[in-house]
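Peer 1: Start counting the sequence shown at 65; every next residue gets the next number (this note's numbering). Note that beta-carbon positions come from the ideal geometry of N, C-alpha and C, so glycine has one too.
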Amino acid sequence: MDNKIPISSCLLRGALRHCPQCGEGDLFQSYLRPREFCENCSETFEGLEAEDGPAWLTIALTAHLVIPLLILLESKTSLSYGIESVILCLFTILCVLLILPIAKGAFIAFLWLMKKNRV
Ligand SMILES: [Zn+2]
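1) Is the Cβ-Cβ distance between Leu-177 and Pro-98 less than 8 Å?
2) Once the 5 residues before and after Arg-81 are set aside, which same chain residues still bring their CB inside 8 Å of it?
3) Going by DSSP in three states, Pro-84 sits in which element: helix, strand or coil?
4) Nearest to Leu-75 by alpha carbon, out of Ala-173, Asn-181 and Lys-179?
5) If you follow the alpha helix (DSSP H) that Ile-135 is part of, which residue opens it and which one closes it?
6) Mind checking Ile-69: buried by the 16 CB within 10 Å criterion, or exposed?
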């Protein structure tokens, strides 16, 4: 396929854990392990190492969700610190587990797009 894929579509496909080229095949073979190639269009994902980028993005996004919750719990409730800590820890873990694969998919899709445009 030589068609130019808009960067927004490419990032969305990656964030949805689909192949950035066809949008059909799975990008990951497990929770965070990317496939070597797309089963649908045979596009290769070799050499696309997201490294620490998805983790940093996940930390930044999670902090922007957890801090407002902390402020809300402190200002609007009279829960004990122990209960607040449990709520915040569980919410943080949930956010990380949900955001990390999305961030990694978007990063791999971005790297794939940069690799394609470089040629
Ligand atoms: Zn594909």
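Peer 2: With the structure as the only source:
1) Taking a C-beta distance under 8 Å as the contact criterion, Leu-177 and Pro-98 do not qualify as a contact pair.
2) Taking C-beta separations shorter than 8 Å and ignoring five residues to either side along the sequence, the partners of Arg-81 in its chain run Asp-90, Leu-91, Phe-92, Pro-165, Ile-166 and Gly-169, following chain order.
3) Note: Pro-84 maps to coil in three-state DSSP.
4) Among Ala-173, Asn-181 and Lys-179, the Cα nearest to that of Leu-75 is on Ala-173.
5) Annotation for Ile-135: the continuous alpha helix (DSSP H) segment containing it runs 117-140.
6) Residue burial is scored here from C-beta neighbours: Ile-69 has at least 16 other C-beta atoms within 10 angstroms and is therefore classed as buried.
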